[in-house]
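Okay, so here's the structure we're looking at.
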Amino acid sequence: MERIQVITLILNIIFLFYISKLIIKGRLREEYAIVWWVCTGAMLIFSFWSDGLDVMAKLFGVHLPANLVFTGFIFIILIYLLHLSVVNSKLQKNMTKLTQELALMKEKLERNEDFHDVKK
Amino acid sequence: MVKKVLLVIPCYNEESALPLLLQELDKLRLPDRYELTALIVNDCSKDRTVDVARKHGVKILDLPNNLGIGGAVQSGFRYAKVNNFDIAIQLDGDGQHPPSQIIKILNGQEQYDADVVIGSRFLDNEGFQSSFMRRMGIKYFYRLNQLLTGNNIYDSTSGFRLLGRRAIAIAAENYPDDYPEPESLVIFSKYGLKIKEVPVVMSHRLGGTSSISSVSSVYYCIKVTISMLFSYIRKT
Numbered sequence: 001m002e003r004i005q006v007i008t009l010i011l012n013i014i015f016l017f018y019i020s021k022l023i024i025k026g027r028l029r030e031e032y033a034i035v036w037w038v039c040t041g042a043m044l045i046f047s048f049w050s051d052g053l054d055v056m057a058k059l060f061g062v063h064l065p066a067n068l069v070f071t072g073f074i075f076i077i078l079i080y081l082l083h084l085s086v087v088n089s090k091l092q093k094n095m096t097k098l099t100q101e102l103a104l105m106k107e108k109l110e111r112n113e114d115f116h117d118v119k120k
Numbered sequence: 121m122v123k124k125v126l127l128v129i130p131c132y133n134e135e136s137a138l139p140l141l142l143q144e145l146d147k148l149r150l151p152d153r154y155e156l157t158a159l160i161v162n163d164c165s166k167d168r169t170v171d172v173a174r175k176h177g178v179k180i181l182d183l184p185n186n187l188g189i190g191g192a193v194q195s196g197f198r199y200a201k202v203n204n205f206d207i208a209i210q211l212d213g214d215g216q217h218p219p220s221q222i223i224k225i226l227n228g229q230e231q232y233d234a235d236v237v238i239g240s241r242f243l244d245n246e247g248f249q250s251s252f253m254r255r256m257g258i259k260y261f262y263r264l265n266q267l268l269t270g271n272n273i274y275d276s277t278s279g280f281r282l283l284g285r286r287a288i289a290i291a292a293e294n295y296p297d298d299y300p301e302p303e304s305l306v307i308f309s310k311y312g313l314k315i316k317e318v319p320v321v322m323s324h325r326l327g328g329t330s331s332i333s334s335v336s337s338v339y340y341c342i343k344v345t346i347s348m349l350f351s352y353i354r355k356t
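Here the protein sequences come in this chain order: A and B. According to the working numbering, the first sequence is numbered sequentially starting from 1. According to the working numbering, the second sequence is numbered sequentially starting from 121.
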């Protein structure tokens, strides 16, 4: 086994543990963890199967295997960023609605209190 | 029949302009067929806007988060819908929209039987006319709005506007977040609402700063253009 393979393997295992820990502590929702699991999994496979990259590069018709890695990961990252933007937009919409509902409730409550004060 | 009118006044850090505006509102006399209620929407101001409004005894919607002008105004429209108002009028809290002009907008609504009435600076060219660059931008939005909706609304960026029942119901559900004025006109016209424009006189803001600075005006144009196009494409 090459040195770089060992290093990747160790880093991968640490990363896997860290993600698991985040989920257990409830700081990361499972649905967002999936993409990280998959990425780590892919890296794990290629750290064992060192010829795999060349095979894949030939399959896709890429001259330099490294370029395949870069292109692939940039693509995944872009998709994931888009996904995060969607999530963010949804959150913002929900937040707006909550804020408005809360303000309306507060106003209603104040009106009720005033009403009862007058009655007393 | 008496019509219930809600005056939606979005405020963000308007403690300096608000007292005068509220004073003018107190002096305002409308015909008996209108029953006016003023509602301050405090968009999480950092200054004493709420205290000023409380002291005056006016109704307040106090937003716990800063939503921007669109979200703030929309909460006012939701209030109008929940409390069964016939008419909602948006009037900015910075003193640019004199309360004395409200009657012109109400009259316009009656005259045209419109769902939405925009108070326009440009029909009579009276009062505060805004800067050259801003007028160019407004002209651009006039053209774009004309292209998308076929309406001739000159002052589509004007925040001085009246919404009837149908418009209130739509705006309560679907109103743009930031820079909502031109885009909302596209939304309203897609629902087949009748939009009219009447001349009003506007003044300089009494305090505070515009929500649109010169730096972000390019961003404003691009963002609003995109939003208008997508609102146009989107199914109602």
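Even glycine gets a Cβ: it sits at the ideal position worked out from N, Cα and C.
Along the stretch 73-97 of chain A, what residues have a CB closer than 7 Å to any CB found in chain B?
Cβ contacts with chain B: 95, 96.
Would you list, in sequence order, the uninterrupted alpha helix (DSSP H) runs of no fewer than 4 residues that lie entirely inside the stretch 34-81 of chain A?
As far as the stretch 34-81 of chain A is concerned, its whole alpha helix (DSSP H) runs of at least 4 residues are 52-60.
Looking only at its own chain, which residues have a Cβ that is under 8 Å from the Cβ of residue 290(B), when we skip the five neighbours before and after it?
The count along the second sequence starts at 1 and reaches residue 290(B) at position 170. Closer than 8 Å at Cβ, skipping near neighbours: 307, 308, 311, 313.
Using the beta-carbon of each residue, which ones in chain B are nearer than 9 Å to residue 107(A)?
Within the first sequence, residue 107(A) is the residue found at index 107, counting from 1. By Cβ distance, chain B contributes 159, 179, 180, 181, 182, 199.
With distances taken between CB atoms, is the gap from residue 248(B) to residue 323(B) smaller than 9 Å?
If you number the second sequence from 1, residue 248(B) lands on position 128. If you number the second sequence from 1, residue 323(B) lands on position 203. Going by C-beta atoms, residue 248(B) is nearer than 9 Å to residue 323(B).
Below 8 Å, can you find three or more Cβ-Cβ pairs linking the stretch 206-226 of chain B to the stretch 279-295 of chain B?
Yes, the stretch 206-226 of chain B is in contact with the stretch 279-295 of chain B.
Cβ closer than 9 Å: which chain A residues qualify as neighbours of residue 187(B)?
Here residue 187(B) refers to the residue found at position 67 of the second sequence. Chain A residues near residue 187(B): 95, 96, 99, 100.
With a threshold of 16 other CB atoms inside 10 Å of the CB of residue 299(B), please say whether the residue is buried or exposed.
In the second sequence, the residue the question calls residue 299(B) occupies position 179. Per the 10 Å Cβ criterion, buried.
Run the CB neighbour count on residue 217(B), radius 10 Å, all protein chains shown included, and call it buried at 16 or more, exposed below.
By one-based count along the second sequence, residue 217(B) stands at place 97. Residue 217(B) should be labelled buried.
Among residues of its own chain, excluding the 5 on either side of residue 270(B), which ones have a beta-carbon nearer than 8 Å to its beta-carbon?
Position 150 of the second sequence, counted from the first residue, corresponds to residue 270(B). Taken in chain order, the residues that qualify are 309.
Specify the secondary structure class of residue 108(A) as computed by DSSP and reduced to three states.
Walking along the first sequence from the start, residue 108(A) turns up at place 108. Correct three-state label for residue 108(A): helix.
Does chain A have any CB closer than 9 Å to the CB of residue 194(B)?
Position 74 of the second sequence, counted from the start, is the residue given in the question as residue 194(B). So yes, residue 194(B) belongs to the interface.
Would you call the CB atoms of residue 213(B) and residue 131(B) closer than 9 Å?
Here residue 213(B) is taken as the residue at index 93 of the second sequence, counted from 1. Here residue 131(B) is taken as the residue at index 11 of the second sequence, counted from 1. Closer than 9 Å, so yes.
Which of the three DSSP states, helix, strand or coil, is assigned to residue 85(A)?
By one-based count along the first sequence, residue 85(A) stands at place 85. DSSP places residue 85(A) in helix when its eight states are reduced to three.
For residue 211(B), tell me which candidate among 355(B), 255(B), 125(B) has the shortest Cα-Cα distance.
Translated into the one-based positions of the second sequence, residue 211(B) becomes position 91. Comparing Cα-Cα distances from residue 211(B) to each of 355(B), 255(B), 125(B), the minimum goes to 125(B).
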